[in-house]
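Notes follow once the structure below has been shown.
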Amino acid sequence: MTSIWNENFSLFKERFGALAQILQEQIPQALASQNCNQTKTNDFTKADFLNELFPFYHFSFSKSGALTASENSLALHSAYNPLAEAERSAALIKDLDKDILVFAGIGLGYLALSAARIPEATQKTFVILEPSVQHFFAALATLDFTPLFKIQKVFFAIGAKTEEAATLIQCAGGFDKAKIFSQKSQTAHAQEWFDDFFKRAQEDKNKAQVNVNTLEKFGRLWLKNGARNLPQMQRLDGANIFFNAAIFNSKALPSVLLAAGPSLQEILPHLNEIKKRAVTIAVDTALRACLKAGVQPDFTLLTDPQYWASRHLAGLTAPESILIAESAAYPSVFRFDCKRILLMSSLFPLGRFVESRLGEKGKLASGGSVSTSAWDFARAIGSKEIYAAGLDLGYPNKQTHIKGSAFEEGAHYSSSRLNSAEQQSARLLFSAKNIKGLDFEGNQIITDERMKLFAWWFEKSIAADGKTKTFSFSKKGLAIKGIDFFPLEKFLQKPEILEEKKEFFSRGSKVSSSYTKEDFEILLSQLKDDLNKILSLSKKGQALCNDILCGDSRAKNRIGELDFIDKEILQSQAKNVAALVFPSQRQLDKLFLAAKFPQDQIQANAAKSKIIYSELIKSIEDFLKIC
């Protein structure tokens, strides 16, 4: 009979061959030498032998006779009965409404193994995080991991970087669907790693919550704007006509990102000289200040579909500037007087539906701020150096925006005795939960959770890219890992690139990514047909639910038809378009909570289904009225 280690590592190698091969070289020599002839009953499993193999642990036997261990005097498991302790903790999983179980630190494996033995947990996703390969080996040499290896969806992040572990969970469904099990004694050996991981987990949850809140608030607006702007999707070219156009042989044109933070004020007097040396990309809120300084940026980005975002362009003209907009932008945006309007690939289901069939307009990442999309556009055109101005992500000197920005101008325009511009700035300053950060000189700066989320996006994206260097012209903004300070005076010593910029714009004018009218009309007809099919199925389901709720015994026997209707809806190509204005799970829970469901279980299920069908009908009818 082979040893516990041998059986465990054999199963591990069978399931995760590539990872096992990577880890193979780190197997302790003493353990590898025992590989072929040890048995479960010899000294291999005893505490003294394990102590020799893994000296960072102190192995001992618990009162129940099961192995346990401690590290730096911190007990990993119960000294009385580690198995019973783990089973009590794992029992909570039965009622857990999370799809992903994350075990942060393996310990000896008692908790993960106990969870794997619970029938209700076997269909969930298990993720084992252990940055220390030797700590993972210690667990494999101690307990039988067979139950864990039998889980269909089990993943091991062993010796991985925190961003790799975070990406694994995001791919599995996201942190909002995950339950993280963590014990201080089992993470203390890699505390910095786990602190970083927990920080990323919280940031991801915050982002997910922001996305849910945004969808609930603006879903119908996005669909309404998108439907009205469908003709723009057909005729306008995409931002991708400029992708890689800034690359010239071994060189690439630099880009300057113009955000609307207070430090942009220091840059404006030099903006004309900056434009001679780089491709300038402004966010919509900074455009007004740039034009007041007498300079039209090469590009302006607008991604927010709200009416107030369209006001950032109101009354302005920029005949030398190219506007890049989201197809769900407020319709008046497409009347902006500028050199040209391009579309970025849509962030919303309607636009995605169109692009998935007729071709993309040019994907730009969205980290919740137009500045993140502007940075990604600079990267997409091929710039290897991106310089940021006004990207403060905080409130240096308690200022919220550059003077003369769209926000500040709007605040003065709408101010009154009871609602002054200063009061509006103060509300913005204190509307989000303020936290302290550090600027590029190590001084404290006021920021908030929202801006920290943007900072995390930049940090993650810059690290993932690895090829593009990002700099800031100001030391006053929130310091972001991966962004270095670069003096403006030094940048202005760079050579002018006027001829290269002419070639850059010439390259963009030679390509077209608009759709033919015939293809677009065929697609729109298919979309309407698919939505009408979902509408018909929803009305059929709603009628059946009504019959069941009225006590029709024959209708009760047809309850299985609802499963067929749901399956048909989920198979529809247009379901994601309707989903844009479909209630979030949180909103559905509120609707369910407000409803009075019958005691009869079949009728109660029918009542819930009726609510879902009714909301779906409302969403589709809203869209078809506009389209």
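For the sequence shown, this note's numbering puts the final residue at 627, and the numbers step up evenly by one. Even glycine gets a Cβ: it sits at the ideal position worked out from N, Cα and C.
Review point. How long is the line joining the alpha carbons of residue 111 and residue 373, rounded to whole angstroms?
Key: 42 Å
Practice item. Classify residue 505 as helix, strand or coil using the three-state DSSP reduction. Key: helix
Practice item. Give the straight-line distance between the Cα atoms of residue 117 and residue 178, rounded to the nearest whole angstrom. Key: 19 Å
Check your understanding: Span of the beta strand (DSSP E) holding residue 280?
Key -> 279-283
Practice item. For residue 14, count neighbouring Cβ atoms within 10 angstroms of its own Cβ and tell me buried if that reaches 16, exposed if not. Key: exposed
Review point. Is residue 630 helix, strand or coil by DSSP?
Key: Shown here, the chain extends from 1 to 627; a query on residue 630 therefore has no answer.
Check your understanding: If we count Cβ pairs, one from each stretch, closer than 8 Å, do we get three or more for the segment 252-266 versus the segment 505-512?
Key -> no
Point to revise | Where residue 607 falls: helix, strand or coil (DSSP) | key: helix
Review point. Beta carbon of residue 257: closer than 6 Å to some heavy atom of the ligand MN?
Key: In the structure on display, the ligand MN does not appear, and there are no ligands present to speak of.
Review point. Apart from the five residues on each side of it in sequence, which residues of its chain come closer than 7 Å, Cβ to Cβ, to residue 226?
Key: 327, 328, 348, 350, 351
Exercise for review: With DSSP collapsed to three states, give me the class of residue 309.
Suggested key: helix
Check your understanding: Taking just the CA atoms, how far does residue 274 sit from residue 491?
Key -> 8 Å
Exercise for review: Please confirm whether residue 162 and residue 197 have their CB atoms less than 7 Å apart.
Suggested key: yes
Review point. Is residue 393 closer than 7 Å to residue 477 when the C-beta atoms are compared?
Key: yes
Review point. Which two residues bound the contiguous alpha helix (DSSP H) that contains residue 48?
Key: 47-53
Practice item. Please say whether residue 264 and residue 300 have beta carbons closer to each other than 7 Å? Key: no
Practice item. Measure from the alpha carbon of residue 488 to the alpha carbon of each residue in 305, 325, 97, 272, then state which is nearest. Key: 272
Review point. To which residues of the same chain is residue 187 closer than 7 Å at the C-beta, ignoring the five residues directly before and after it?
Key: 104, 105, 194
Check your understanding: Buried or exposed: residue 413, going by 16 or more other Cβ atoms within 10 Å of its Cβ?
Key -> Summary for residue 413: the model assigns pLDDT 38, below 50, so the residue's position carries little reliability; its value from the coordinates is reported in the next sentence. Its Cβ having fewer than 16 others within 10 Å, residue 413 is exposed.
Review point. Under the three-state reduction of DSSP, which class applies to residue 666: helix, strand or coil?
Key: An answer regarding residue 666 cannot be provided, because it is not within the stretch 1 to 627 covered by the chain.
Review point. What does residue 338 pair with, by DSSP beta-bridge criteria?
Key: 318
Check your understanding: For residue 194, which three-state DSSP category applies?
Key -> helix
Check your understanding: Would DSSP call residue 240 helix, strand or coil?
Key -> helix
Review point. With 16 as the cutoff for other CB atoms within 10 Å, does residue 130 come out buried or exposed?
Key: buried
Exercise for review: Return the residue from the list 102, 142, 306 that minimises the CA-CA distance to residue 370.
Suggested key: 306
Point to revise | Cβ-based burial, residue 85 [other Cβ within 10 Å; buried from 16] | key: buried
Check your understanding: Helix, strand or coil: how does DSSP classify residue 77 here?
Key -> coil
**Study point:** CB contact flag (residue 386, residue 380, <7 Å)
**Key:** no
Review point. Where does residue 63 land, buried or exposed, given buried means 16+ other C-beta within 10 angstroms?
Key: exposed
Point to revise | Span separating the alpha-carbon of residue 549 from that of residue 355 | key: 42 Å
Check your understanding: In the structure shown, what three-state DSSP assignment does residue 100 receive?
Key -> strand
**Study point:** Beta-carbon separation (whole angstroms), residue 334 vs residue 229, contact threshold 8 Å
**Key:** 7 Å
Review point. Looking at the structure shown, is residue 385 part of a helix, part of a strand, or coil, going by DSSP?
Key: strand
Point to revise | 7 Å CB neighbourhood of residue 562 in its chain, flanking five on each side removed | key: 541, 544, 609
Exercise for review: Would you grab the beta carbon distance between residue 473 and residue 267 for me? Rounded to a whole angstrom, and I think it's under 8 Å.
Suggested key: 6 Å
Practice item. Work out the CA separation of residue 552 and residue 588 for me, nearest whole Å. Key: 26 Å
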